[in-house]
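Each residue of the sequence shown is one higher than the last, beginning at 17 in this note's numbering.
Below you'll find the structure, written out as structure tokens, and then a few comments.
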Amino acid sequence: MLRAKTSSPDRAVPSFARRATLRRSLRLLASFKFEQTDPAHFYGGIATDSAELIADYYADLTGRTLCGATVLDVGGGPGYFADEFGAAGARYIPVEPDPSELHAAGLSVSGAVRGSGMALPFRDNAVDICFSSNVAEHVPQPWLMAEEMVRVTRPGGLIVLSYTVWLGPFGGHETGPWHYLGGEYAARRYRRKYGREPKNRFGESLFAVRASDGLRWAATTSAEVLAVFPRYHPRWAWWLVRMPLLREFLVSNLVVVATKV
17 MLRAKTSSPD RAVPSFARRA TLRRSLRLLA SFKFEQTDPA HFYGGIATDS
67 AELIADYYAD LTGRTLCGAT VLDVGGGPGY FADEFGAAGA RYIPVEPDPS
117 ELHAAGLSVS GAVRGSGMAL PFRDNAVDIC FSSNVAEHVP QPWLMAEEMV
167 RVTRPGGLIV LSYTVWLGPF GGHETGPWHY LGGEYAARRY RRKYGREPKN
217 RFGESLFAVR ASDGLRWAAT TSAEVLAVFP RYHPRWAWWL VRMPLLREFL
267 VSNLVVVATK V
């Protein structure tokens, strides 16, 4: 089994672990049905949960709150996260390559930057926290993006990368569960059924990223990995990441938490 590089695998777990309950898991999973029809409901809940996760790990790492911290959101999209981080007193900067995504929900985020996660338009050691939520599966070189996240984070800062695992139940996004028969097949079936291309087109804006890929990056990155766990699972089910085949189907969304040394 691939192991993340860390001197204390669960060093930063306890604070967030208190939130990782079965009730939280059921609430988040139930919200997925609203992703296409009511994105504010879905992404609003994800934004709140993300802010809590990051605040907990940042406090464990630094002893500080998010107040005054610079938070770079790679693939920030239409800005559902801005209110959550703003309320915590953070300076929130979303980076998004597609200008239509930045304005998709009619939201305006001051300081939003257009740019690619694979070549972040920021200097080295520029931010306190760099995170990416459900973006790695949408870029052709996700681990280049992950290294860019490490590069722009200051030493002692926090990196949080969360992505949808391809063989999990949500791996095909709106084309699932037919992605189990192949991403291209699932995309063609969606087009036949609905008369339009899926928003997440396999091979163009959706790629097969596995749990093992994230664990491999965690084992090789220069950052110190603090925790690797399934995002939507209760704490007592986090052991699934240690099961090589099972994790590909049951982890659903993998989180890698690291600090730059």
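All C-beta atoms, glycine included, are put in the ideal place defined by N, C-alpha and C.
Predicted, not measured: the structure shown is a model, and the values here were computed from it.
{"Check": "When 90, 107 and 182 are compared against residue 230, the one with the closest alpha-carbon", "Outcome": "182"}
{"Check": "Three or more C-beta pairs below 8 Å linking the stretch 163-170 and the stretch 230-239", "Outcome": "yes"}
{"Check": "Minimum C-alpha distance to residue 108 - residue among 132, 46, 142 and 77", "Outcome": "142"}
{"Check": "Segment contact flag, the stretch 213-224 with the stretch 190-202, C-beta cutoff 8 Å, min 3 pairs", "Outcome": "yes"}
{"Check": "Distance between residue 251 and residue 144 (C-alpha atoms, nearest Å)", "Outcome": "26 Å"}
{"Check": "Complete alpha helix (DSSP H) runs within the stretch 133-197 (minimum length 4 residues, chain order)", "Outcome": "158-168"}
{"Check": "Buried or exposed by the 16-neighbour rule on C-beta atoms within 10 Å, applied to residue 103", "Outcome": "exposed"}
{"Check": "For residue 236, the first and last residue of its enclosing alpha helix (DSSP H)", "Outcome": "227-236"}
{"Check": "Sequence-distant residues of its chain with Cβ nearer than 6 Å to residue 162 (five each side left out)", "Outcome": "177 and 233"}
{"Check": "Between the CA atoms of residue 273 and residue 120 - distance to the nearest angstrom", "Outcome": "With a pLDDT of 48 at residue 120, under the threshold of 50, the modelled position of that residue is not reliable, and the figure given next carries that caveat. Using only the alpha carbons, I get a separation of about 29 Å."}
{"Check": "Cβ shell of residue 261 (< 8 Å), same chain only, five flanking positions each side left out", "Outcome": "none"}
{"Check": "Secondary structure of residue 220, DSSP reduced to three states", "Outcome": "coil"}
{"Check": "Boundaries (first-last residue) of the beta strand (DSSP E) holding residue 278", "Outcome": "The structure shown has nothing for residue 278, since the chain only spans 17 to 277."}
{"Check": "Neighbourhood of residue 69 by C-beta distance below 6 Å, restricted to the same chain and skipping five residues each side", "Outcome": "32"}
{"Check": "Endpoints, beta strand (DSSP E) assigned at residue 242", "Outcome": "240-246"}
{"Check": "C-beta atoms of residue 82 and residue 174 nearer than 8 Å", "Outcome": "no"}
{"Check": "Three-state secondary structure assigned by DSSP to residue 37", "Outcome": "coil"}
{"Check": "Residue nearest to residue 43 in terms of C-alpha spacing, selected from 275, 247, 75 and 80", "Outcome": "247"}
{"Check": "Straight-line Cα distance separating residue 214 from residue 111", "Outcome": "23 Å"}
{"Check": "Per-residue DSSP class, three states only, for residue 46", "Outcome": "helix"}
{"Check": "One or two residues paired with residue 277 in a DSSP bridge", "Outcome": "Partner(s): none; residue 277 has no beta bridge."}
{"Check": "Residues sharing a beta bridge with residue 89, DSSP", "Outcome": "110 and 147"}
{"Check": "Buried/exposed call for residue 122, threshold 16 Cβ in 10 Å", "Outcome": "Reliability fails at residue 122, whose pLDDT of 45 lies under 50, so the model's placement of it is uncertain and the value that follows must be treated cautiously. Exposed: under 16 other Cβ atoms inside 10 Å."}
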